[in-house]
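Notes follow once the structure below has been shown.
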Amino acid sequence: MADVRTETNALDLIATSAAAAQSRRRNVRIRNIGIGIAGFLTLLLVWKAGVIVLKVPPYILPAPEQVFVALWSGIAVSPASPLGWYMPLWSTMSNALLGFVIGASLGLLLGSLMAEFRSVETALMPYAFALQSLPKVAIAPLIVIWCGFGDGSKVAMAALLAFFPMLVNCFAGIRAAEVERLELMKALAASRLETYYLVKLPSAAPYIFAGLDMGIVYALLGTIVAEFLGAQSGMGVAITKAQAVTDVAGVFGALVVLGVTGILLHLVVRRIERSVVHWANRGKH
Amino acid sequence: MSLATEAPGFAAPAVAAAARQHGARDPLIVVEGVVKIYSTVAGDSVLALDNIDLTVRDGEFVCLVGPSGCGKTTLLRLLAGLDTADAGTSSLAGKALNGPSPEVGVVFQQSNLLPWFTVLQNVMLPLRVGGSSRDAGKIAEIHKLLEIAGLKGFENKYPYELSGGMQQRAAIVRALARDPKLLLMDEPFGALDALTRERMNAELQRIWLASKKTVVLITHSIDEAIFLGDRVVVMSPRPGRIVRDLVVDVPRPRIAAETFGSPSHVALAREIRMLLE
Numbered sequence: 000m001a002d003v004r005t006e007t008n009a010l011d012l013i014a015t016s017a018a019a020a021q022s023r024r025r026n027v028r029i030r031n032i033g034i035g036i037a038g039f040l041t042l043l044l045v046w047k048a049g050v051i052v053l054k055v056p057p058y059i060l061p062a063p064e065q066v067f068v069a070l071w072s073g074i075a076v077s078p079a080s081p082l083g084w085y086m087p088l089w090s091t092m093s094n095a096l097l098g099f100v101i102g103a104s105l106g107l108l109l110g111s112l113m114a115e116f117r118s119v120e121t122a123l124m125p126y127a128f129a130l131q132s133l134p135k136v137a138i139a140p141l142i143v144i145w146c147g148f149g150d151g152s153k154v155a156m157a158a159l160l161a162f163f164p165m166l167v168n169c170f171a172g173i174r175a176a177e178v179e180r181l182e183l184m185k186a187l188a189a190s191r192l193e194t195y196y197l198v199k200l201p202s203a204a205p206y207i208f209a210g211l212d213m214g215i216v217y218a219l220l221g222t223i224v225a226e227f228l229g230a231q232s233g234m235g236v237a238i239t240k241a242q243a244v245t246d247v248a249g250v251f252g253a254l255v256v257l258g259v260t261g262i263l264l265h266l267v268v269r270r271i272e273r274s275v276v277h278w279a280n281r282g283k284h
Numbered sequence: 000m001s002l003a004t005e006a007p008g009f010a011a012p013a014v015a016a017a018a019r020q021h022g023a024r025d026p027l028i029v030v031e032g033v034v035k036i037y038s039t040v041a042g043d044s045v046l047a048l049d050n051i052d053l054t055v056r057d058g059e060f061v062c063l064v065g066p067s068g069c070g071k072t073t074l075l076r077l078l079a080g081l082d083t084a085d086a087g088t089s090s091l092a093g094k095a096l097n098g099p100s101p102e103v104g105v106v107f108q109q110s111n112l113l114p115w116f117t118v119l120q121n122v123m124l125p126l127r128v129g130g131s132s133r134d135a136g137k138i139a140e141i142h143k144l145l146e147i148a149g150l151k152g153f154e155n156k157y158p159y160e161l162s163g164g165m166q167q168r169a170a171i172v173r174a175l176a177r178d179p180k181l182l183l184m185d186e187p188f189g190a191l192d193a194l195t196r197e198r199m200n201a202e203l204q205r206i207w208l209a210s211k212k213t214v215v216l217i218t219h220s221i222d223e224a225i226f227l228g229d230r231v232v233v234m235s236p237r238p239g240r241i242v243r244d245l246v247v248d249v250p251r252p253r254i255a256a257e258t259f260g261s262p263s264h265v266a267l268a269r270e271i272r273m274l275l276e
């Protein structure tokens, strides 16, 4: 009887300490959110105070509430309205995502081929280096000449910018596959293709996701740049239109929309990474 | 032990042990005059293995001991087909060994399980690579091996959810997946703590008695070698040569508490230690 009671007490203790740890974690999270909100409010206050004290005209730097009004006027409309953020954001996003898929796939394919075959690496590496060092945004005018002022240029720019981080990361990730794991496959007399998709590609997964994370934001950047150069729709067009009438609050509003979009895309990639690359950061073996 | 007698695919340990006592088994591995030379980055040549002759009979458990750098891992890599010899020949069941073979299973120093696969996917890897992952008979065999290795119920766990000892047992099951004739083990328990290691030695003996495999095991531990081996082969430092081939005449199944400290064990351990000094 006494034994049973001690056991129950021990279980209670474990449950209590687990609950305590959980509530500690919750407290830390609440505090971090609190710090975040306080920091943001401070930023708005400093901004507002700066605008008032330094008498900054609204066509240089609008006050925070003016930005909020501009932002809200684009949110509180029908999704089909040409005045809202929805239409240009959809245009930008769909082109950026299509370009991202094309660029990332090509990067994965070419990065894999370069990592697998020395001859492909030797042949392509100089070009990869040269193009990597080139500010790719500078190619945009050329792309517009080739693909016109429509969606083609935007997709092409997004693909071009998403391609390189993927190529480089995929190549580095495959080359970083552990020798012991490759020897295991060799001892099993595995084919090159089996070794690639059973060991090398999963080994490269953390690198590939880092490439995707960069690539998706770069794709957004590429699309916006193409839109600046003369397009009919998109967030880049919304920004240039607002700029043309010195609606600086409108420009800020568009930047906030783009910033939030970028953060959300990044979080989506991270979320997928955590469930796909579940073994990373869980001890080596 | 009872597991083994119930499993129809395996010989009862008593019978296997009797067969061992009577000898008269064919040689499975024959290594003759094997030489291996490594060239270093600096351009020097190092003689890693010098004229190695070794015969391992079918069903035998042979332990290789020797100081670091004596070439025992090199010898194992040659048998695994991961390296090629510069001279000499080696054969498995009469066929020349010059590349990886499905008749050979390898257990590495680290468990070397793939972290993105579950335990079951890991132990099925050799079948998947061999193109027989849908063979119902082989899958049943894998599940039987998992049970013998005490991994039943852990099939869908990931390696990082297992203890070091369980990971290494999974690695042994993986090495046995294709039902190889020969099991090569390179310090399989070197990364484990002393107590776990002793338990794993007993487990390995049990699995071996149940599966009738021929085993070549490398170890730094003299005690481990004497506990597990039918024979202990002692190698010299570079260039690697076989300096002594000792028979361990202790009946099976051996029990650690009885074997360690017994006069024959102590005498053998002393002999090996003197050879290694």
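Chains as they are written, first to last, in numbering that gives the first Met the number 0: chain A, 0 to 284; chain B, 0 to 276. Even for Gly, the Cβ is constructed at its ideal location relative to N, Cα and C.
Which class does residue i belong to by DSSP, given the choice of helix, strand or coil?
i               : result
C146 of chain A : helix
A256 of chain B : helix
A16 of chain B  : Bear in mind that the predicted position of A16 of chain B carries a pLDDT of just 47, short of 50, making it too unreliable to give a figure here.
I223 of chain A : helix
L43 of chain B  : A small fix is needed here, since residue 43 of chain B is Asp in this sequence, not Leu. Coil.
G210 of chain A : helix
G102 of chain A : helix
V216 of chain A : helix
A86 of chain B  : strand
V244 of chain A : coil
L145 of chain B : helix
H277 of chain A : coil
W89 of chain A  : helix
V249 of chain B : coil
G110 of chain A : helix
S190 of chain A : coil
C69 of chain B  : coil
P262 of chain B : helix
H265 of chain A : helix
L275 of chain B : helix
Q131 of chain A : helix
H21 of chain B  : Model confidence at H21 of chain B stands at a pLDDT of 44, short of 50, so the residue's coordinates are unreliable; what they give is reported in the following sentence. DSSP places H21 of chain B in helix when its eight states are reduced to three.
S118 of chain A : helix
P238 of chain B : coil
S152 of chain A : helix
L228 of chain A : coil
A268 of chain B : helix
G228 of chain B : coil
L75 of chain B  : helix
What residues are listed by DSSP as bridge partners for residue i?
i               : result
G60 of chain B  : According to the sequence as given, residue 60 of chain B is Phe; it is not Gly. Partner(s): B:V214.
V66 of chain A  : Note: V66 of chain A sits in no beta bridge, so no partner.
K94 of chain B  : B:L91
P26 of chain B  : B:R56
K35 of chain B  : B:L48
V233 of chain B : B:V64, B:R243
Does the beta carbon of residue i come closer than 7 Å to any beta carbon on chain D?
i               : result
V128 of chain B : The chain inventory of the structure shown lacks chain D, comprising the protein chains A and B.
Just checking my contact of residue i with residue j at CB under 8 Å: how many whole Å lie between their CB atoms?
i               : j               : result
C169 of chain A : G110 of chain A : 3 Å
Q108 of chain B : E223 of chain B : Not a contact, Cβ separation roughly 14 Å.
A230 of chain A : V224 of chain A : With a Cβ gap of about 10 Å, A230 of chain A and V224 of chain A do not count as contacting.
I142 of chain A : A155 of chain A : 5 Å
V256 of chain A : M234 of chain A : 7 Å
G87 of chain B  : V34 of chain B  : 6 Å
F227 of chain A : A157 of chain A : That pair is no contact at about 14 Å.
L183 of chain B : L78 of chain B  : 6 Å
L48 of chain B  : G70 of chain B  : 5 Å
L159 of chain A : G221 of chain A : 6 Å
Within 6 Å: the Cβ of residue i and any heavy atom of the ligand GTP?
i               : result
S190 of chain A : By its list of ligands, the structure shown contains no ligand whatsoever, and the ligand GTP lies outside what it can speak to.
Identify every run of the alpha helix (DSSP H) within the segment 99-135 of chain B, keeping only runs that are complete inside it and at least 4 residues long; order them along the chain. Runs of the alpha helix (DSSP H) lying entirely within the segment 99-135 of chain B, each at least 4 residues long, are 118-129 in chain order.
Mind checking the segment 185-196 of chain A against chain B and listing, in chain order, the residues whose C-beta falls within less than 7 Å of any C-beta there? Shown in chain order are the members of the segment 185-196 of chain A whose Cβ falls below 7 Å from a Cβ of chain B: K185, A186, L187, A188, A189, E193.
Give the residues from the segment 81-98 of chain B that approach chain A closer than 8 Å (Cβ to any Cβ), ordered along the chain. Residues passing the 8 Å Cβ filter: L81, G98.
Note down, in chain order, all residues in the segment 166-186 of chain A with a beta-carbon under 8 Å from any beta-carbon belonging to chain B. Going along the segment 166-186 of chain A in chain order, one finds E179, R180, E182, L183, M184, K185, A186 with a Cβ nearer than 8 Å to chain B.
For the segment 105-119 of chain B, list every residue whose C-beta sits within 9 Å of some C-beta in chain A, in sequence order. Correct list: V105, F107, Q108, Q109, S110, N111, L112, L113, P114, W115, F116.
Report the start-end ranges of each alpha helix (DSSP H) in the segment 2-80 of chain A that is 4 residues or longer and not cut off at the edges. For the segment 2-80 of chain A, whole alpha helix (DSSP H) runs of length 4 or above, ordered along the chain, are 63-74.
Beta strand (DSSP E) runs wholly inside the segment 151-219 of chain B, at least 3 long, in chain order: Note on the segment 151-219 of chain B: whole beta strand (DSSP E) runs with a minimum of 3 residues are 181-185, 213-218, in chain order.
Quick one: which residues of the segment 200-231 of chain A get their C-beta closer than 7 Å to a C-beta of chain B? List them in chain order. Here the close residues are P201.
In the segment 157-172 of chain B, which residues sit with their C-beta less than 8 Å from some C-beta in chain A, listed in chain order? Cβ contacts with chain A: Y157, P158, Y159, G163, Q166.
Give, in chain order, every residue of the segment 175-186 of chain B whose Cβ lies closer than 8 Å to some Cβ of chain A. Residues: none.
Can you pull out the residues from the segment 131-146 of chain A whose beta carbon lies closer than 7 Å to at least one beta carbon of chain B? Under the 7 Å Cβ criterion, the segment 131-146 of chain A contributes no residue.
Against chain A: residues of the segment 35-62 of chain B by CB proximity under 7 Å: If you check each beta-carbon in the segment 35-62 of chain B against every beta-carbon of chain A, none falls closer than 7 Å.
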